[in-house]
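Chains as they are written, first to last, in our numbering: chain A, 749 to 924; chain B, 87 to 271.
Have a look at the structure below before the remarks.
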Amino acid sequence: MESEIDTEQEFDEIYHQFFPVLVKIVYRITGSVSVSEDLCQEAFIRYYERRDKLPGGDQAKFWLIRVVKNLAYNHEKRKGRERMAYDKFYHEPKRVETNEGERSILEDESKKAVQEALLKIPYKLRMVLILKEYGEMDYKDIASSLKISEGNVKVRVFRARKLLSEYLEKGEVYVP
Amino acid sequence: MCPEKSVLSTWFDGEVDSKWSVEIENHLKSCDECRSYTQKLEDQRMLLQSAPIPDFEESLERVKSRIRGKRTVSSSIRFWEKKIPLPAAAAAAIIAAFVTFGTNIISDNRNDRILMTNLADQNYANQTIDMPGDKIDEIFSMMESSLNDEFSSNSIVELPADFSMIFNGDSQLVRSAGFSGSTSP
Ligand SMILES: [Zn+2]
Numbered sequence: 749m750e751s752e753i754d755t756e757q758e759f760d761e762i763y764h765q766f767f768p769v770l771v772k773i774v775y776r777i778t779g780s781v782s783v784s785e786d787l788c789q790e791a792f793i794r795y796y797e798r799r800d801k802l803p804g805g806d807q808a809k810f811w812l813i814r815v816v817k818n819l820a821y822n823h824e825k826r827k828g829r830e831r832m833a834y835d836k837f838y839h840e841p842k843r844v845e846t847n848e849g850e851r852s853i854l855e856d857e858s859k860k861a862v863q864e865a866l867l868k869i870p871y872k873l874r875m876v877l878i879l880k881e882y883g884e885m886d887y888k889d890i891a892s893s894l895k896i897s898e899g900n901v902k903v904r905v906f907r908a909r910k911l912l913s914e915y916l917e918k919g920e921v922y923v924p
Numbered sequence: 087m088c089p090e091k092s093v094l095s096t097w098f099d100g101e102v103d104s105k106w107s108v109e110i111e112n113h114l115k116s117c118d119e120c121r122s123y124t125q126k127l128e129d130q131r132m133l134l135q136s137a138p139i140p141d142f143e144e145s146l147e148r149v150k151s152r153i154r155g156k157r158t159v160s161s162s163i164r165f166w167e168k169k170i171p172l173p174a175a176a177a178a179a180i181i182a183a184f185v186t187f188g189t190n191i192i193s194d195n196r197n198d199r200i201l202m203t204n205l206a207d208q209n210y211a212n213q214t215i216d217m218p219g220d221k222i223d224e225i226f227s228m229m230e231s232s233l234n235d236e237f238s239s240n241s242i243v244e245l246p247a248d249f250s251m252i253f254n255g256d257s258q259l260v261r262s263a264g265f266s267g268s269t270s271p
């Protein structure tokens, strides 16, 4: 039987190994630092409580991703109404500055706009693209993490990319 | 003939097997259109990588200490907005206790039981439901699995308005989720 200290150490290892990547993934999905912290906190507590029944290593990462996927989805549904208000504002035509002196500010703005464009992609597609681009995962990892087929991953990544470039090109998001 | 764009997207991720991969690469040498599409994918990836990300160094320690502080009493965190399975008689009893008496939950430090004590009505001052820890775990796990829509109604657990979990160091998210104090499910 493992002592309490051993399992505490194991948990710490899992935490330090996966928190940095998990919190970044959740940030890309939600666009909010405090929500990312809260959801990761909840996911790791759930992991901690079931750590004797749960796998370690990459499988632990996949399990955590599955948990935050559900948590983030619930969060997004709750925030749905606020989001609609935000979108209305967001679709207002953007003023484009041409002044050379403001160029670096505009570049910063455009980088923020990428995150905003990501948030417009439907949840299921966004999730897969984010795992691909920010999660250090291949199609097989993403498939087993989300419990969908690799074919499905392929299709969702493609569709997410297509939508993202549409949002960026339509000028709904400013790109220099 | 040009490969489908979806195939180029898959190739771009290095997920096409080597035989096809060679063919696609040969095609790209002679086809401007496909090459410009893969360049677009490349540009998009660069843009995604360049999008600013907050520094989460501090978050790591902050969340870690929050988790530490909560491990012993963490079960109570699960009482946030969730769907409750109707067939679960035990869970229904708990909900009934909430909605009928405006029950308070007091979790003791050892985390092996939760006392549900009615504090709202003096007439029910002795109305205490004392549940052993394993039963509580059962109920929590049922609540957990009820995220699966198949077996659940749309009921929401709502705690009394004066209910506070601050002593557990709960996160903003948990506090804000569904604790509206309403007494109907
Ligand atoms: Zn071609």
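The beta carbon of each residue, even a glycine, is placed where N, CA and C say it ideally should be.
For a cutoff of 8 Å on Cβ pairs, would you count Glu-119 (chain B) as touching chain A? Mapped onto the second sequence, residue 119 (chain B) falls at position 33. Glu-119 (chain B) does not count as touching chain A.
With 8 Å set as the bound, which would you pick, yes or no: does the beta-carbon of Pro-768 (chain A) sit closer than that to a beta-carbon of chain B? Here residue 768 (chain A) refers to the residue found at position 20 when the first sequence is read from its first residue. Chain B, which has a Cβ nearer than 8 Å to the Cβ of Pro-768 (chain A), makes this yes.
If we cut at 8 Å on Cβ distances, does Ile-813 (chain A) have a partner in chain B? Numbered from 1 along the first sequence, position 65 holds the residue referred to as residue 813 (chain A). No - not a single Cβ of chain B is within 8 Å of the one on Ile-813 (chain A).
Does any residue of chain A have a CB that is nearer than 8 Å to the CB of Ser-104 (chain B)? Taking the first residue of the second sequence as 1, we reach residue 104 (chain B) at position 18. Answer no: the Cβ-Cβ gap between Ser-104 (chain B) and chain A never drops below 8 Å.
Starting from the C-beta of Tyr-775 (chain A), find all residues in its chain whose C-beta is less than 6 Å away, skip the five residues before and the five after it, and write them out in chain order. Residue mapping note: residue 775 (chain A) aligns to position 27 of the first sequence, counting from 1. Spatial neighbours of Tyr-775 (chain A) in its own chain (CB-CB distance under 6 Å, excluding positions within 5 residues in sequence) are listed in chain order as Ser-784.
Is Asp-948 (chain A) helix, strand or coil by DSSP? No statement about residue 948 (chain A) is possible, as the shown extent of chain A runs from 749 to 924 and does not include it.
If I measure Cβ to Cβ from Val-102 (chain B) and keep anything under 8 Å in the same chain, skipping five residues before and after, which residues do I get? As a first step, residue 102 (chain B) is located in the second sequence; it is residue number 16 there, counting from the start. Same-chain partners within the cutoff: Val-93, Thr-96 and Ile-110.
Closer than 7 Å: residues whose CB approaches a heavy atom of ligand 1: B:Cys-88, B:Pro-89, B:His-113, B:Cys-117, B:Glu-119 and B:Cys-120
Return the CA-CA distance between Asp-129 (chain B) and Thr-755 (chain A), expressed in angstroms with no decimal places. Here the question's residue 129 (chain B) lines up with position 43 in the second sequence. Here the question's residue 755 (chain A) lines up with position 7 in the first sequence. Cα-Cα distance, rounded: 44 Å.
Could you please give the first and the last residue of the uninterrupted alpha helix (DSSP H) stretch that includes Ser-782 (chain A)? Along the first sequence, read from residue 1 onward, the residue named residue 782 (chain A) stands at position 34. Run containing Ser-782 (chain A): 781-797, per the alpha helix (DSSP H) assignment.
Measure from the C-beta of Ile-110 (chain B) to each C-beta in chain A and report whether the shortest distance is under 8 Å. If you number the second sequence from 1, residue 110 (chain B) lands on position 24. Output row for Ile-110 (chain B): interface = no.
Given 8 Å as the limit, is there contact between the segment 791-811 of chain A and the segment 755-772 of chain A, that is, 3 or more CB pairs closer than that? yes
Option nearest Leu-114 (chain B) by Cα separation, candidates B:Pro-89, B:Pro-138, B:Arg-131 and B:Val-149: Locating residue 114 (chain B) in the second sequence gives position 28, where the first residue counts as 1. Comparing Cα positions, the closest option is B:Pro-89.
Quick one: residues in its chain with C-beta nearer than 6 Å to the C-beta of Lys-946 (chain A), no 5 flanking neighbours on either side, listed in chain order? As shown, chain A starts at 749 and ends at 924. That puts residue 946 (chain A) outside it, with no answer to give.
Test: Ser-92 (chain B) CB closer than 8 Å to a CB of chain A: What you label residue 92 (chain B) is simply residue 6 of the second sequence in a count that begins at 1. At least one chain A Cβ lies under 8 Å of Ser-92 (chain B).
Nearest to Lys-888 (chain A) by alpha carbon, out of A:Tyr-882, A:Val-901, A:Phe-767 and A:Glu-881? As a position in the first sequence, residue 888 (chain A) is number 140, starting the count at 1. Of A:Tyr-882, A:Val-901, A:Phe-767 and A:Glu-881, the residue nearest in Cα terms is A:Val-901.
Identify the continuous alpha helix (DSSP H) that holds Glu-109 (chain B) and give its terminal residues. Taking the second sequence and counting its residues from 1, one reaches residue 109 (chain B) at position 23. Its alpha helix (DSSP H) spans residues 104-116.
Which one of A:Val-769, A:Thr-778 and A:Asp-800 has the shortest CA to CA distance from Leu-812 (chain A)? The residue you call residue 812 (chain A) lines up with position 64 of the first sequence. Taking only the C-alpha atoms, the option nearest Leu-812 (chain A) is A:Val-769.
8 Å Cβ cutoff, Ser-107 (chain B) in contact with chain A: Mapped onto the second sequence, residue 107 (chain B) falls at position 21. Judged by the 8 Å Cβ criterion, Ser-107 (chain B) is not in contact with chain A.
Considering only their Cβ atoms, is the gap separating Leu-879 (chain A) from Met-885 (chain A) smaller than 8 Å? To locate residue 885 (chain A), count along the first sequence from 1; it is residue 137. To locate residue 879 (chain A), count along the first sequence from 1; it is residue 131. Yes, they are a contact pair.
If you draw a straight line from the C-alpha of Val-816 (chain A) to the C-alpha of Leu-146 (chain B), how long is it? As a first step, residue 816 (chain A) is located in the first sequence; it is residue number 68 there, counting from the start. As a first step, residue 146 (chain B) is located in the second sequence; it is residue number 60 there, counting from the start. Those two C-alpha atoms are separated by around 16 Å.
Assigned exposure category for Gly-805 (chain A) - 16 Cβ within 10 Å defines buried: Residue numbering aside, residue 805 (chain A) sits at position 57 when the first sequence is read from its first letter. When all chains shown are included, Gly-805 (chain A) counts as exposed.
Let me confirm a value: Gln-125 (chain B) is counted as buried when at least 16 other C-beta atoms fall within 10 Å, else exposed. Which label applies? Within the second sequence, the letter at position 39 stands for residue 125 (chain B). Per the 10 Å Cβ criterion, exposed.
Count the other CB atoms within 10 Å of the CB of Gln-135 (chain B); is the residue buried (16 or more) or exposed (fewer)? To locate residue 135 (chain B), count along the second sequence from 1; it is residue 49. So Gln-135 (chain B) counts as exposed.
Is the Cβ-Cβ distance between Ile-773 (chain A) and Arg-874 (chain A) less than 8 Å? Translated into positions along the first sequence, residue 773 (chain A) becomes position 25. Translated into positions along the first sequence, residue 874 (chain A) becomes position 126. Not a contact, by the Cβ cut-off of 8 Å.
Just confirm the distance between the C-beta atoms of Arg-904 (chain A) and Val-862 (chain A), as a whole number of angstroms; I'd bet it's less than 8 Å. Against the first sequence, residue 904 (chain A) aligns to sequence position 156. Against the first sequence, residue 862 (chain A) aligns to sequence position 114. Contact doesn't hold; Cβ gap of about 19 Å is too wide.
Let me see if you follow: with CB-CB separation under 8 Å, is Thr-96 (chain B) close to chain A or not? Within the second sequence, the letter at position 10 stands for residue 96 (chain B). Chain A has a Cβ within less than 8 Å of the Cβ of Thr-96 (chain B).
Here's a check: name, in chain order, each residue in its chain whose Cβ is nearer than 8 Å to the Cβ of Phe-708 (chain A), leaving out the five neighbours to either side. It is not possible to answer for residue 708 (chain A), since the shown part of chain A is limited to 749 through 924.
For the alpha helix (DSSP H) holding Leu-879 (chain A), just list the boundary residues, first then last. Within the first sequence, residue 879 (chain A) is the residue found at index 131, counting from 1. Segment 871-882, the alpha helix (DSSP H) holding Leu-879 (chain A).
Considering only C-alpha positions, which residue in the set A:Lys-801, A:Arg-814, A:Leu-802 and A:Asn-818 is nearest to Ala-891 (chain A)? Residue 891 (chain A) sits at position 143 when you count from the first residue of the first sequence. For the residues A:Lys-801, A:Arg-814, A:Leu-802 and A:Asn-818, the minimum Cα distance to Ala-891 (chain A) belongs to A:Arg-814.
Alpha carbons only, please: which of B:Lys-150, B:Ser-151 and B:Leu-127 is nearest the one belonging to Arg-909 (chain A)? If you number the first sequence from 1, residue 909 (chain A) lands on position 161. B:Leu-127 is the residue among B:Lys-150, B:Ser-151 and B:Leu-127 whose C-alpha sits nearest the C-alpha of Arg-909 (chain A).
Report the residue from B:Phe-142, B:Val-108 and B:Cys-117 whose alpha carbon sits nearest the alpha carbon of Met-87 (chain B). Along the second sequence, read from residue 1 onward, the residue named residue 87 (chain B) stands at position 1. The shortest Cα separation from Met-87 (chain B) among B:Phe-142, B:Val-108 and B:Cys-117 belongs to B:Cys-117.
CA-to-CA distance, Val-781 (chain A) to Arg-826 (chain A), given in whole angstroms: Against the first sequence, residue 826 (chain A) aligns to sequence position 78. Against the first sequence, residue 781 (chain A) aligns to sequence position 33. Each residue's Cα considered, the two are about 17 Å apart.
Continuous alpha helix (DSSP H) stretch holding Ser-897 (chain A): start and end: For the purposes of this step, residue 897 (chain A) is taken as the residue at position 149 of the first sequence. Careful: Ser-897 (chain A) lies outside any alpha helix (DSSP H) and carries neither H nor E.
Residues of chain B with a CB under 7 Å from the CB of Arg-799 (chain A): which are they? The sequence position of residue 799 (chain A) within the first sequence is 51, counting from 1. What Arg-799 (chain A) touches in chain B: nothing, since even the nearest Cβ is about 11 Å away.
If distances are taken between C-alpha atoms only, which option among A:Gly-899, A:Ser-897 and A:Glu-864 comes closest to Leu-911 (chain A)? Numbered from 1 along the first sequence, position 163 holds the residue referred to as residue 911 (chain A). Among A:Gly-899, A:Ser-897 and A:Glu-864, the Cα nearest to that of Leu-911 (chain A) belongs to A:Glu-864.
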